[in-house]
Ligand SMILES: [Zn+2]
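Numbering (our numbering), first residue to last: 43 to 176.
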């Protein structure tokens, strides 16, 4: 693990090329109050049910970093898109899309529009993702 001394982002490889441009968490959620509410709720639930995580704001989206950056959150007008890695494609009608990252890792994407969708089943998947690289 390498932390860029300039922007404090954490990378697997030392001196990983990247943009050091900083974008605040607030700017991601500007005029997106519903997305902010869902994000705060999600963050709280994860810390209660799964474990500590750090908010990392990138130019493209917001990441939650547990033992690695296991969730990407993209604020939308009416909610958030949530992407996380698992060792399989989830078989659920709730899934928006699943993208293979390698032969063993799939990025599973969900659209979340209300808190009820962040239920036990959903937290269970996030928990698996959190521990994927243990
Ligand atoms: Zn940097």
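Just so you know, even glycine gets a beta-carbon here, dropped at the ideal spot from N, CA and C.
Residue i (DSSP reduced to helix, strand or coil)
| i | result |
| --- | --- |
| residue 114 | strand |
| residue 123 | strand |
| residue 71 | coil |
Any non-hydrogen atom of ligand 1 within 7 Å of residue i CB
| i | result |
| --- | --- |
| residue 51 | yes |
| residue 105 | no |
| residue 95 | no |
| residue 102 | no |
| residue 151 | no |
| residue 60 | yes |
| residue 120 | no |
| residue 73 | no |
| residue 156 | no |
Residue i versus residue j: straight-line alpha-carbon distance, rounded
| i | j | result |
| --- | --- | --- |
| residue 141 | residue 135 | 15 Å |
| residue 75 | residue 66 | 15 Å |
| residue 165 | residue 132 | 14 Å |
| residue 58 | residue 117 | 26 Å |
| residue 48 | residue 86 | 28 Å |
| residue 144 | residue 83 | 31 Å |
Proximity test, residue i beta-carbon vs ligand 3 heavy atom, cut-off 7 Å
| i | result |
| --- | --- |
| residue 141 | This structure does not include ligand 3; its bound ligands are ligand 1. |
Whole-Å CB distance - residue i paired with residue j, under 8 Å assumed
| i | j | result |
| --- | --- | --- |
| residue 154 | residue 108 | Going by Cβ atoms, the distance from residue 154 to residue 108 rounds to 19 Å, so no, they are not a contact pair. |
| residue 150 | residue 168 | Between residue 168 and residue 150 the Cβ distance is about 10 Å, and since that is not below 8 Å, they are no contact. |
| residue 171 | residue 127 | 6 Å |
Opposing strand residues paired with residue i [DSSP bridges]
| i | result |
| --- | --- |
| residue 128 | 148 |
| residue 99 | 104 |
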